[in-house]
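*Asks:* Residue numbers (the UniProt record's numbering): 1 to 161.
Note that the Cβ used here is the ideal one computed from N, Cα and C, for glycine as well.
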């Protein structure tokens with residue numbers, strides 16, 4: 001990541017100094033569901049905010065790696081489940097006022113469990129949750145991670161539209 005102070009021209013206001021963050025690679029995240037309308041979630045601690053919460057699988061694309069391949073890898077690494085069908089739902093600029101951070105959101109289905117997650121640092125628990133539980137987690141503030149909150153609420157909104 002690069003951080004710098006840039007001199008920018010804002011129409012109608014003039015020139016100002018503005019911080020800019022550039023990200024080295026795209027980020028990916030996925031809503032993973034099964035045939036029973038359950039969601040695959042990770043319970044994890046985030047040391048920067050010292051918070052616990054439910055999250056969806058997410059991660060960086062490796063240099064030269066397509067986002068679709070990156071999220072397939074991330075799902076398996078973080079959950080121990082190998083995705084079958086993966087489709088892109090949307091993409092967005094996470095912090096467009098200050099950063100180039102770009103997220104692609106995918107939907108993964110037809111997963112096969114291949115074993116425990118290979119990296120135990122990714123989560124404390126990996127669990128399937130019903131749609132009612134996911135909605136409650138969101139309402140109770142247990143999904144506080146921005147990419148997870150965005151991915152889940154986008155998926156739920158499009159599902160009911």
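1) Among 18, 1, 16, 37, which has the Cα closest to the Cα of residue 128?
2) Report the residue ranges of all alpha helix (DSSP H) runs contained in full by the UniProt domain "Nudix hydrolase" (23-151); include only those spanning at least 4 residues, in chain order.
3) Should residue 16 be labelled buried (16 or more other beta-carbon atoms within 10 Å of its own) or exposed?
4) Taking residue 10 as part of the beta strand (DSSP E), name the residues at either end of that continuous run.
5) Report buried or exposed for residue 227, applying the criterion of at least 16 other Cβ atoms within 10 angstroms of its Cβ.
6) Is it buried or exposed for residue 52, if we count other Cβ within 10 angstroms and need 16 for buried?
7) Alpha carbon to alpha carbon, how far is residue 75 from residue 58?
8) Tell me whether the region 73-91 and the region 103-115 touch, counting them as touching only if at least three CB pairs, one residue from each stretch, are closer than 8 angstroms.
9) If residue 60 sits next to residue 96, beta carbons under 8 angstroms apart, how far is it from one beta carbon to the other, in whole angstroms?
*Replies:* Looking at the coordinates:
1) That would be 37, whose Cα lies nearest to the Cα of residue 128.
2) Complete alpha helix (DSSP H) runs here, min 4: 67-79, 131-139.
3) Looking at its Cβ environment, which holds fewer than 16 other Cβ atoms inside 10 Å, residue 16 is exposed.
4) Boundaries of the beta strand (DSSP E) around residue 10: 2-10.
5) Shown here, the chain extends from 1 to 161; a query on residue 227 therefore has no answer.
6) Residue burial annotation: residue 52 is exposed, with fewer than 16 other C-beta atoms found within 10 angstroms of its C-beta.
7) Rounded to whole angstroms, residue 75 and residue 58 show a C-alpha spacing of 7 angstroms.
8) Contact holds: three or more Cβ-Cβ distances are below 8 angstroms.
9) Residue 60 to residue 96, Cβ: 19 angstroms. No contact.
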